[in-house]
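> Our numbering puts the first residue of the sequence shown at 8, with every later residue one more than the last. Glycine is no exception: its CB is placed at the ideal position from the N, C-alpha and C atoms. In this text the structure is predicted, and so the values were computed from the model without any measurement.
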Amino acid sequence: MSEATVEINYDDLIPNNVNLSGDGKLKRALESWQPKYIDWWNKAGPEETGNFEVYLRTAVGVDPAGWAKFGHVRMPEYRWGILLAPQEPGRTIPFGKHKGDPVWQEVPGEYRALLRRLIVVQGDTEPASVEQQRYLSKTAPSLYDMRNLFQVNVEEGRHLWAMVYLLVKYFGRDGREEAEGLLERRSADKDKPRILGAFNEQTPDWLSFFMFTFFTDRDGKMQLASLAQSGFDPLSRSCRFMLTEEAHHMFVGETGVGRVIQRTCEAMKQAGITDASDIAAVRALGVIDFPTLQKRVNFHFAVTLDLFGAEVSTNGAAAFNAGIKGRFGENKLKDDHVLTNDSYMVSRVVDGKITAEAEPALKAINSRLLDDYIKDAARGVSRWNKIIRDAGIAAEISLAHKGFNRKIGQFSADFITPDGEVVTEKQWHDSKDEWLCSRADEDYIQSLMKPCLDRGHYAGWIAAPRVGINRQEHDFEYIRID
Ligand SMILES: [Fe+2]
Ligand SMILES: [Fe+2]
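#1: Between N412 and N305, what straight-line distance do the alpha-carbon atoms span, to the nearest angstrom?
#2: Is the segment 408 to 428 touching the segment 260 to 273, taking contact as three or more C-beta pairs under 8 Å?
#3: How about G263: is its Cβ closer than 7 Å to a heavy atom in ligand 2?
#4: Using 10 angstroms around the beta-carbon of A195, count the other beta-carbons present and answer buried if the total reaches 16, otherwise exposed.
#5: Give the DSSP-derived three-state secondary structure of H408 in the structure shown.
#6: Is H408 near ligand 1, in the sense that its beta carbon is under 7 Å from a heavy atom of that ligand?
#7: Let me confirm a value: D131 is counted as buried when at least 16 other C-beta atoms fall within 10 Å, else exposed. Which label applies?
#8: Rounding to the nearest angstrom, what Cα-Cα distance links R247 and A232 in this structure?
#9: Does any heavy atom of ligand 1 sit closer than 7 Å to the C-beta of G490?
#10: What is the DSSP secondary structure of A66, reduced to helix, strand or coil?
#11: Leaving out five residues before and five after H481 in sequence, what residues of the same chain have Cβ atoms less than 6 Å from its Cβ?
#12: Who are the Cβ neighbours of I469 in its own chain at under 6 Å, not counting the five residues just before and after it?
#13: Given this structure, state the Cα-to-Cα distance separating L346 from K104, to the nearest angstrom.
#14: CB A36 to CB R225, shorter than 8 Å?
#15: For R154, which residues of its own chain have a beta-carbon under 8 Å away from its beta-carbon, when the five flanking residues on both sides are left out?
#16: For the structure I just gave you, are there three or more beta carbon pairs, one from the segment 334 to 348 and one from the segment 291 to 309, closer than 8 Å?
#17: What's the gap between the Cα of F418 and the Cα of Q434?
#18: Would you report the Cα separation of T65 and T262, rounded to the nearest angstrom?
#19: Roughly how many whole angstroms lie between the Cα atoms of N373 and T223?
#20: With a threshold of 7 Å (Cβ to nearest heavy atom), would D224 be considered close to ligand 2?
#21: Tell me, which residues are paired with N322 by DSSP?
#22: Suppose you measure from the CA of A120 to the CA of P22; what does that come to, to the nearest Å?
#23: Pick helix, strand or coil for I423, following the three-state DSSP scheme.
#24: Any heavy atom of ligand 2 closer than 7 Å to the Cβ of E428?
#25: For ligand 2, is there any heavy atom lying closer than 7 Å to the beta carbon of H256?
#26: To which residues of the same chain is H79 closer than 7 Å at the C-beta, ignoring the five residues directly before and after it?
#27: Any heavy atom of ligand 2 closer than 7 Å to the beta-carbon of V159?
#28: Quick one: which unbroken alpha helix (DSSP H) runs of 4-plus residues sit fully inside the segment 275 to 358? Chain order, please.
#29: Mind checking which residues open and close the beta strand (DSSP E) that includes I415?
#30: With a threshold of 6 Å on Cβ separation, who are the neighbours of Q236 within its own chain once the five nearest residues in sequence on each side are excluded?
#31: Given a cut-off of 8 Å on the beta-carbon distance, is the pair L125 and V114 in contact?
#32: Leaving out five residues before and five after V110 in sequence, what residues of the same chain have Cβ atoms less than 6 Å from its Cβ?
#33: Can you find a heavy atom of ligand 2 that lies under 7 Å from the Cβ of E113?
#34: To the nearest angstrom, how far is the alpha carbon of A371 from that of A324?
#35: Tell me the rounded alpha-carbon separation between R514 and Q230.
What follows is the structure in structure tokens.
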């Protein structure tokens with residue numbers, strides 16, 4: 008019997024569709040990791056929420072038509088499971104120098120270190136975001152939003168399980184050590200920080216949470232989509248199923264910011280304010296003005312672009328060439344999928360001007376993923392702008408130039424405005440508060456963060472959602488607190 012036909016076993020301590028009970032060594036290793044995971048959840052996960060009964064979806068299958076069930080559960084009792092998308096019979100490596108060979112079911116020795124690193128870096132982001140969001144439940148704008156936060160949190164926890172499964176099953180002792188390390192690092196810890204920069208930033212308020220789920224979870228989507236193409240089949244199958252859950256995280260981000268925008272529009276219209284740049288007048292209404300929203304967009308966009316790594320990268324080339332990490336939508340692209348003779352245009356500053364130059368396509372793999380990400384994010388931003396337009400207000404949210412405020416890659420040594428103008432370091436710093444939130448802006452956002460926990464009610468700075476989760480009525484009790 009192949010793994011693909013193994014039903015999900017919910018009687019096991021660890022729900023799974025990978026026939027865990029048939030692999031005693033793996034089962035014991037994961038069962039010894041599980042209490043450490045719960046300990047991590049209790050220490051670093053959502054604070055003081057262990058008794059909350061939360062209306063959560065739990066993955067109970069990998070059938071696209073009915074993979075989740077909903078019900079109230081206490082989060083420490085959530086059934087974190089190991090679920091892989093079904094095996095595709097006869098699947099071949101879709102790209103790189105092994106293109107057309109049968110996919111690997113075991114780790115190819117020559118790529119062991121590369122694969123392990125990719126899995127560890129992906130795995131590290133999952134618990135990191137839970138840690139960043141630890142205190143948000145204290146200031147939730149509604150039970151609905153708090154429920155969505157927790158849904159995202161438990162699923163990031165499950166994504167950690169997905170990566171730990173791969174490490175423990177396929178990488179022996181060093182895989183087990185890496186699995187321990189994933190629970191030992193902490194977001195923003197000065198001795199043992201998380202691996203990537205954006206995952207050591209703070210998520211101090213709910214606007215930041217919505218921006219994070221819109222921008223940074225979308226990086227997650229791009230990374231998972233590239234790894235879902237992998238020639239290492241267990242990684243591909245893990246990532247394919249993770250993408251099913253990831254869609255909800257982006258829904259939370261896009262509709263979260265969309266509801267903030269909608270509420271601002273409503274309040275401005277009601278007060279007869281037409282000038283969106285009159286920050287004081289808009290703030291007097293207790294909503295978030297668009298210039299401040301734009302600054303937050305600028306911040307989260309740049310921090311997330313840094314996650315793609317150097318645009319021109321030999322590691323990126325190696326992972327593609329090896330058949331380990333593909334491109335976004337690899338199977339839909341119309342080229343030879345080997346790329347040894349192709350080039351890709353990469354932007355950089357040359358003689359004080361932003362210029363696009365041809366690079367070998369293999370080395371520019373990260374640059375391409377970054378550009379694909381920007382297009383994907385821009386579609387969401389245009390849906391936000393439609394809300395503003397429909398309200399008849401003259402304002403627009405935009406994405407900054409990709410060189411703005413970068414710490415990694417082609418533009419990290421340059422000073423570029425959101426409009427894509429190259430300026431001096433002094434000019435940039437003199438204008439910084441026009442582009443990124445000042446202390447006063449942050450204080451204003453923080454002043455709005457008061458919990459609103461009555462059923463069917465929402466804080467004044469955010470509109471109610473159009474539909475409930477799983478089509479529940481508007482005053483549904485998404486969370487039972489005591
Ligand atoms: Fe995730
Ligand atoms: Fe996510």
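Looking at the atomic coordinates:
#1: 8 Å
#2: no
#3: When distances are taken from the beta-carbon of G263 to the heavy atoms of ligand 2, even the shortest one reaches 7 Å or more.
#4: Flag for A195 reads exposed.
#5: H408: coil per DSSP, three-state reduction.
#6: no
#7: It counts as buried.
#8: 7 Å
#9: In the structure as shown, the chain starts at 8 and stops at 489, and residue 490 therefore has no counterpart that could be examined.
#10: In the structure shown, A66 sits in a strand (DSSP, three-state: E or B).
#11: G463
#12: P148, R266, V267, R270
#13: 9 Å
#14: In this structure, R225 does not lie closer than 8 Å to A36 by Cβ.
#15: V61, Y62, L63, I476, Y485, I486
#16: no
#17: 16 Å
#18: Each residue's alpha carbon lies about 22 Å from the other.
#19: 16 Å
#20: yes
#21: N322 pairs with nothing; no bridge assigned.
#22: 29 Å
#23: For I423, the secondary structure class from DSSP, reduced to helix, strand or coil, is strand.
#24: no
#25: yes
#26: E60, V61, Y62, R487
#27: yes
#28: 286 to 290, 297 to 312, 321 to 328
#29: In the DSSP annotation of this structure, I415 is not part of any beta strand (DSSP E), being labelled neither H nor E.
#30: P101, G333, E337
#31: no
#32: Taken in chain order, the residues that qualify are R98, I100, G238, D240.
#33: no
#34: Here the C-alpha atom of A371 lies approximately 7 Å from the C-alpha atom of A324.
#35: Residue 514 lies beyond the stretch modelled for the chain, which goes from 8 to 489, so this question has no answer here.
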